[in-house]
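Undergrad: Let me give you the structure first, and then I'll get to my questions.
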Amino acid sequence: MSHVLSEETHRNMLARIPHCTGREVSDWLRTVEEEGPSLFRFEEKVSWLRHEYDLAYGHAKAIIHEYDLRRAARKLR
1 MSHVLSEETH RNMLARIPHC TGREVSDWLR TVEEEGPSLF RFEEKVSWLR HEYDLAYGHA
61 KAIIHEYDLR RAARKLR
């Protein structure tokens, strides 16, 4: 399954996460960094987040996508 989202769709999903989950995106990213298992596959990380925190698939997917984008940006510095 592809995990590619359009930039606009991704940004819209991120904007809705605080309202839908009660937590800021930065909190979710910190949770993935600090508590997430060392999984390599995108869908494994999404599945962990969904089941551990009872998130909707779209929200978990957007959080992991953002996490991966930011992690990649850190590696480029």
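Per full-length UniProt numbering, the sequence shown runs over residues 1 to 77.
The C-beta atom is built at its ideal place from N, Cα and C for all residues, glycine as well.
Identify whether D68 lies in helix, strand or coil by the three-state DSSP scheme.
TA: Sequence index remark: in the sequence shown, residue 68 carries index 68 (1-based). D68: helix per DSSP, three-state reduction.
Undergrad: Compute the distance between the beta-carbons of E52 and L29, then report whether it is under 8 Å.
TA: Locating residue 52 in the sequence shown gives position 52, where the first residue counts as 1. Locating residue 29 in the sequence shown gives position 29, where the first residue counts as 1. No, the pair does not count as a contact, with Cβ atoms beyond the cut-off.
Undergrad: Please identify the residue among P37, E43, H19 and N12 whose C-alpha is closest to the C-alpha of A60.
TA: On the sequence shown, residue 60 is found 60 positions in, with the first residue counted as 1. Taking only the C-alpha atoms, the option nearest A60 is E43.
Undergrad: Going by C-alpha to C-alpha distance, which of A56, P37 and E34 sits closest to H19?
TA: In the sequence shown, residue 19 corresponds to position 19, counting from 1. Measuring from the Cα of H19, the nearest candidate turns out to be A56.
Undergrad: Could you give the distance in angstroms between the alpha-carbon of D54 and the alpha-carbon of L69?
TA: Your numbering for residue 54 matches position 54 in the sequence shown. Your numbering for residue 69 matches position 69 in the sequence shown. Answer to the nearest angstrom: the Cα atoms are 23 Å apart.
Undergrad: DSSP state of R30, grouped into three classes?
TA: Here residue 30 corresponds to residue number 30 of the sequence shown, with the count starting at 1. In the structure shown, R30 sits in a helix (DSSP, three-state: H, G or I).
Undergrad: Using a 10 Å radius around the Cβ and a threshold of 16 neighbouring Cβ atoms, would you call A62 buried or exposed?
TA: Along the sequence shown, read from residue 1 onward, the residue named residue 62 stands at position 62. Its Cβ being crowded by 16 or more others within 10 Å, A62 is buried.
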